[in-house]
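**Student:** Shown below is the structure under consideration.
Protein chains: 2
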Amino acid sequence: VDLTEARREAEQLDARDPLAHVRDRFSIPDGLVYLDGNSLGALPVAVPAVVEHVVAQQWGRDLITSWNVHDWWDAPRRVGGQVARLIGAEADEVVVADSTSVDLFKVLVAAARLRPDRRTLVIEPGNFPADLYIADSVAELLGMTVRRVDPRDVRTVLDDDVAVVSFAQVDYRTGRAYDMAGITAAVHDAGALMVWDLSHSAGALPIALGACDVDFAVGCGYKYLNGGPGAPAYVMAARRHHATVRSPLTGWTGHARPFAMEGSYEPAPGIDRMRCGTPPMLSLLALEAALGAFDGLSMADVRERSLSLTRLFLALTDRVLAPLGFEVVTPRADDERGSQVSLAHPRAYGVVQALIARGVVGDFRYPDVVRLGFAPLYVRHVEVVDAVEHVVAVIEAGEESDPRYVVQHTVT
Amino acid sequence: VDLTEARREAEQLDARDPLAHVRDRFSIPDGLVYLDGNSLGALPVAVPAVVEHVVAQQWGRDLITSWNVHDWWDAPRRVGGQVARLIGAEADEVVVADSTSVDLFKVLVAAARLRPDRRTLVIEPGNFPADLYIADSVAELLGMTVRRVDPRDVRTVLDDDVAVVSFAQVDYRTGRAYDMAGITAAVHDAGALMVWDLSHSAGALPIALGACDVDFAVGCGYKYLNGGPGAPAYVMAARRHHATVRSPLTGWTGHARPFAMEGSYEPAPGIDRMRCGTPPMLSLLALEAALGAFDGLSMADVRERSLSLTRLFLALTDRVLAPLGFEVVTPRADDERGSQVSLAHPRAYGVVQALIARGVVGDFRYPDVVRLGFAPLYVRHVEVVDAVEHVVAVIEAGEESDPRYVVQHTVT
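Going down the list, the sequences are from chains A and B.
Per our numbering, the first sequence starts with residue 1, numbered consecutively.
Per our numbering, the second sequence starts with residue 1001, numbered consecutively.
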């Protein structure tokens, strides 16, 4: 397989890429082809100094006074405002708090309470498993029924018993992107509320929560937002719900007067009511510093770069990898694709492990998926060619059949 | 007021203090008298290098492989095991996850589900407000009733409708410590389950969850455990409940086979089932490093030092501060006291602010409490004398009546 020509074209794409300089905002090990930014985003260069300051100066020197002096208190809302710009929400509609699963729990209970006469929760069967588990738990607590349906078929289940519909905008496994505007409108037509999980879309493509009239959203801080391992997640609640929405996780930081230490809960007037306990400040302020990597970028440009990367990978896959037994799982239409490409292969686990041994990091999703993420802020076109070249080399040498690589699904 | 003699005695206490060297495990600004370790523990010297490594090497260089290479995956259980040693639990009974409020929510729902025929939740009126709010929310979700009673009077409300009793071992406001063994036994005699919030006791006094047969506990990572601002909290579940307890926060990390990405939730066999989403690794690993400050210490020695500090402060208060209008709120009997002393004063807010301006950091609790925490790992006896001297100076100069110090309860 000769990829000389492909490499030259990729180099040209990189040379005229208006976002090529953004890679300098990240610290990426030399020689590593990192295609797992959809799982854990790379380290932005601005982060280490900020974290060092938070530890040594804010915690170490200023101690408890940092809640005011360094405005720790307002950080969840402040960082929420930064996230809001990336997802098409107003700054006062987003707050950073807890994990994605905990936030989804809050939002599903809160949304269901806004439709008390309806008893059905709709979710898609291919959603990230935690979303399925949380939906089942919410349904058990509230005495509701869960229906699972492909988002493209949502209209077939919408009736006047559906309280809430909750979908992921981009499927974590296949990389399929759903039609946020159309689905949200259909859900509203049926009188239900719409929740989107943005974990696999925010930071990779333009999102217009406001324009799509979305009710609630949640998302992860450590994938395309690059906030660091386990960075806190975020909740978006449309302003029209702020007066009435009630989170079941009534922690003190969501109280209207948190320092009055009152005996009963009165939710804060705005998005703060979706907060719960004290946030993990090291992780939260690392996320804040990381979000600076998006400064000055238009999400339309970011999306164009993402599509350019995935288009190139799909073209090379068709030409080079399909004959080696790889089948494209991700949709080919640009508007149905996130920023990853998933390939099915009978020895997918071995392929992923052999690639990692070669310095090409993607991940495996049970049972047979090689998942490669093209984080649009730092992956280069030449690395797309590198990846394809290494996949070919793996298969040609049979490296994926190494007995160490028997399918395991109990490790990452 | 002449404190010369008191200072000499304090210096002697410090000189023969077997734990005096432990202060060297902390980075405390020169000249600062820090009496707020019950709210945010000081920075252990081991932490900055660990956090730097986590950011630059684990996240930055090893990226996603750190889940295995640096065993991020097992960190919640591993750090839980460290906490277990401080609270008298088995290593496999404690896991670090989420915030105290979120963990209390999990535990109250989980415990109530173990007593499905009982509909009453008992909590004390003076508990940290978040605990009250969370209990109310749990009761609403499960259709239960909350009764609030002073822990010393718990026997008056125990009947066969009580499913769960949840108290704080040490009251955050008064510093009163409750009888864990006696109360837990009484609750069990009534067929109910016992939950303790250890936020204001763990790390300051010996706790014997196992010996007291406690069912569940939660606690904060950033007070006497010194884990850093918003460090994750922990959950203890007694081993006898592991097979049957069900958390309502069914995140993927609590699943029996988290990487199998199954469509329905099956809780992990042990304490892992109390996990939920991906933990904030920077904050979690800072907590792990911080807990090293307890290495080689016996909690009995730590407790003796804590009592020595609070006894000295109480004695000086009686002699010097009582005539200036300060009233001791905290119990005087050693076994009824945590590691803080609270003083009521009509201008408490101004006193706290004036002390902070003088480099003596305590905190204010609405409406009239000056709260001073004597973290036993790093506060010295001479600092107790310093604090008293500064309180005297504040009152003598009328500094607490500065018009800037009008009572505010909307700031920390």
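Even for Gly, the Cβ is constructed at its ideal location relative to N, Cα and C.
Quick caveat, the model's predicted, so the values are computed rather than measured.
With a threshold of 16 other CB atoms inside 10 Å of the CB of A/T156, please say whether the residue is buried or exposed.
**Tutor:** Here residue 156 of chain A refers to the residue found at position 156 when the first sequence is read from its first residue. So A/T156 ends up on the exposed side.
**Student:** Any C-beta of chain B within less than 8 Å: which residues of the segment 336 to 367 of chain A qualify?
**Tutor:** For the segment 336 to 367 of chain A, which is checked against every Cβ of chain B, the residues closer than 8 Å are I356, V361, D363, R365, Y366.
**Student:** If you measure from the beta carbon of B/W1072 to each beta carbon in chain C, is any gap under 8 Å?
**Tutor:** Among the protein chains in the structure shown, which are A and B, there is no chain C.
**Student:** Please say whether B/P1331 and B/R1176 have beta carbons closer to each other than 8 Å?
**Tutor:** Taking the second sequence and counting its residues from 1, the one referred to as residue 1176 of chain B is at position 176. Taking the second sequence and counting its residues from 1, the one referred to as residue 1331 of chain B is at position 331. Contact: yes.
**Student:** For a cutoff of 8 Å on Cβ pairs, would you count B/E1052 as touching chain A?
**Tutor:** In the second sequence, counting from the first residue as 1, residue 1052 of chain B sits at position 52. Yes, its Cβ sits closer than 8 Å to a Cβ of chain A.
**Student:** If you measure from the beta carbon of B/R1404 to each beta carbon in chain A, is any gap under 8 Å?
**Tutor:** By 1-based counting over the second sequence, the position of residue 1404 of chain B is 404. No, because no Cβ of chain A sits closer than 8 Å to the Cβ of B/R1404.
**Student:** Grouping DSSP H, G and I as helix and E and B as strand, with all else coil, what is A/M180?
**Tutor:** The residue labelled residue 180 of chain A in the question sits at position 180 within the first sequence. Correct three-state label for A/M180: helix.
**Student:** What do you reckon, are the CB atoms on B/S1283 and B/A1231 nearer than 8 Å?
**Tutor:** Stepping through the second sequence from its first residue, residue 1283 of chain B is reached at position 283. Stepping through the second sequence from its first residue, residue 1231 of chain B is reached at position 231. Cβ atoms of B/S1283 and B/A1231: closer than 8 Å.
**Student:** DSSP has A/D363 in a bridge; who is on the other side?
**Tutor:** Locating residue 363 of chain A in the first sequence gives position 363, where the first residue counts as 1. A/R371.
**Student:** From the DSSP output, in three-state form, read off A/T4 for me.
**Tutor:** Reading the first sequence from its first residue, position 4 is the one you call residue 4 of chain A. In this structure, A/T4 counts as helix in the three-state DSSP scheme.
**Student:** Below 8 Å, how does it come out for the segment 18 to 30 of chain A and the segment 41 to 48 of chain A: are there three or more Cβ pairs, yes or no?
**Tutor:** At 8 Å Cβ cutoff, the stretches touch.
**Student:** Give me the residue from B/A1357, B/Y1378, B/R1347 with the minimum Cα distance to B/R1365.
**Tutor:** Your numbering for residue 1365 of chain B matches position 365 in the second sequence. That would be B/R1347, whose Cα lies nearest to the Cα of B/R1365.
**Student:** Have a look at A/Y222, A/D363, A/G263 and flag the residue whose alpha-carbon is nearest the alpha-carbon of B/T1278.
**Tutor:** For the purposes of this step, residue 1278 of chain B is taken as the residue at position 278 of the second sequence. Among A/Y222, A/D363, A/G263, the Cα nearest to that of B/T1278 is on A/Y222.
**Student:** Do you know how far the Cα of A/V165 is from the Cα of A/D368?
**Tutor:** Taking the first residue of the first sequence as 1, we reach residue 368 of chain A at position 368. Taking the first residue of the first sequence as 1, we reach residue 165 of chain A at position 165. Computed Cα separation, rounded: 29 Å.
**Student:** Is it true that the CB of B/V1195 sits closer than 8 Å to the CB of B/L1108?
**Tutor:** The residue labelled residue 1108 of chain B in the question sits at position 108 within the second sequence. The residue labelled residue 1195 of chain B in the question sits at position 195 within the second sequence. Yes. Within cutoff.
**Student:** Does the beta carbon of A/I123 sit closer than 8 Å to a beta carbon anywhere in chain B?
**Tutor:** Your numbering for residue 123 of chain A matches position 123 in the first sequence. Not closer than 8 Å to any Cβ of chain B, the Cβ of A/I123 fails to qualify, so no.
**Student:** Assuming B/G1338 and B/E1400 are in contact, meaning their beta carbons sit under 8 Å apart, how far apart are those beta carbons, in whole angstroms?
**Tutor:** The residue given as residue 1338 of chain B occupies position 338 in the second sequence. The residue given as residue 1400 of chain B occupies position 400 in the second sequence. Not quite, the Cβ-Cβ distance comes to about 25 Å (not below 8 Å), so this is no contact.
**Student:** For B/T1412 and chain A, any beta-carbon pair shorter than 8 Å?
**Tutor:** Locating residue 1412 of chain B in the second sequence gives position 412, counting from the first residue. Below a pLDDT of 50, predicted positions are generally treated as unreliable, and B/T1412, at 39, falls in that range; the measurement from the model is reported next regardless. By this cut-off, B/T1412 is an interface position.
**Student:** Report the start-end ranges of each beta strand (DSSP E) in the segment 55 to 105 of chain A that is 3 residues or longer and not cut off at the edges.
**Tutor:** Fully enclosed beta strand (DSSP E) runs of 3 or longer: 94 to 96.
**Student:** With a CB to CB cut of under 8 Å and the five nearest residues on each side skipped, what residues in its chain are close to B/L1321?
**Tutor:** On the second sequence, position 321 is the one that residue 1321 of chain B refers to. Excluding positions up to five away in sequence, the list reads L1343, V1388, V1391, V1392.
**Student:** Please confirm if A/H409 has its CB atom under 8 Å from at least one CB of chain B.
**Tutor:** Residue numbering aside, residue 409 of chain A sits at position 409 when the first sequence is read from its first letter. In this prediction, A/H409 has a pLDDT of 48, which is less than 50 and means its spatial position is unreliable; what the coordinates show is noted afterwards. Interface residue, yes.
**Student:** Report the residues of the segment 273 to 305 of chain A with a CB closer than 8 Å to any CB of chain B, ordered along the chain.
**Tutor:** From the segment 273 to 305 of chain A, only C276, G277, T278, P279, P280, M281, L282, S283, L284, A286 have a Cβ closer than 8 Å to chain B.
**Student:** Quick one: Cα of A/Q340 to Cα of B/A1192, how far?
**Tutor:** The sequence position of residue 340 of chain A within the first sequence is 340, counting from 1. The sequence position of residue 1192 of chain B within the second sequence is 192, counting from 1. The straight-line gap from Cα to Cα measures roughly 51 Å.
**Student:** By the criterion of Cβ-Cβ separation under 8 Å, what are the contact partners of B/E1262 in chain A?
**Tutor:** Position 262 of the second sequence, counted from the first residue, corresponds to residue 1262 of chain B. Within chain A, the residues near B/E1262 are P129.
**Student:** Cβ of B/V954 within 8 Å of Cβ of B/L1019?
**Tutor:** Lying outside 1001 to 1412, the shown extent of chain B, residue 954 of chain B is not represented and no answer is given.
**Student:** Once DSSP output is grouped into helix, strand and coil, what is the label at A/D131?
**Tutor:** The residue you call residue 131 of chain A lines up with position 131 of the first sequence. Looking at A/D131 - three-state DSSP - the assignment turns out to be helix.
**Student:** Do you know whose CA, among B/T1244, B/R1273, B/E1383, lies nearest B/P1258's CA?
**Tutor:** To locate residue 1258 of chain B, count along the second sequence from 1; it is residue 258. It is B/R1273.
**Student:** I need the boundaries of the alpha helix (DSSP H) containing B/M1144, first residue and last residue.
**Tutor:** If you number the second sequence from 1, residue 1144 of chain B lands on position 144. Here B/M1144 belongs to no alpha helix (DSSP H), and DSSP marks it neither H nor E.
**Student:** Who pairs with A/I123 in a beta bridge, going by DSSP?
**Tutor:** As a first step, residue 123 of chain A is located in the first sequence; it is residue number 123 there, counting from the start. DSSP lists A/R148, A/S166 as partners of A/I123.
**Student:** Can you list, in chain order, the residues of its chain whose CB lies under 6 Å from that of B/V1083, leaving out five sequence neighbours each side?
**Tutor:** Position 83 of the second sequence, counting from 1, holds the residue named residue 1083 of chain B. Answer for B/V1083: V1094, Y1234, listed in chain order.
**Student:** Pull up the distance between the alpha-carbon of B/V1122 and that of B/L1158, whole angstroms please.
**Tutor:** As a working note, residue 1122 of chain B is residue 122 in the second sequence. As a working note, residue 1158 of chain B is residue 158 in the second sequence. The alpha-carbon atoms of B/V1122 and B/L1158 are separated by roughly 9 Å.
**Student:** Which chain B residues are close to A/F374, counting only those with a beta carbon under 8 Å from its beta carbon?
**Tutor:** Here residue 374 of chain A refers to the residue found at position 374 of the first sequence. What A/F374 touches in chain B: nothing, since even the nearest Cβ is about 15 Å away.
**Student:** If you measure between the beta carbons of A/T120 and A/R147, is that distance less than 8 Å?
**Tutor:** Here residue 120 of chain A refers to the residue found at position 120 of the first sequence. Here residue 147 of chain A refers to the residue found at position 147 of the first sequence. Closer than 8 Å, so yes.
**Student:** Using CA atoms only, rank isn't needed, just tell me which of A/R404, A/A135, A/E396 is closest to A/V1.
**Tutor:** Translated into the one-based positions of the first sequence, residue 1 of chain A becomes position 1. When each option's Cα is compared against that of A/V1, the closest is A/E396.
**Student:** I'd like the span of the beta strand (DSSP E) that includes A/L193, first residue to last.
**Tutor:** As a working note, residue 193 of chain A is residue 193 in the first sequence. That run of the beta strand (DSSP E) goes 193 to 197.
**Student:** Per DSSP, what are the beta-bridge partners of A/F26 in this structure?
**Tutor:** Position 26 of the first sequence, counting from 1, holds the residue named residue 26 of chain A. Bridge partners of A/F26: A/P44.
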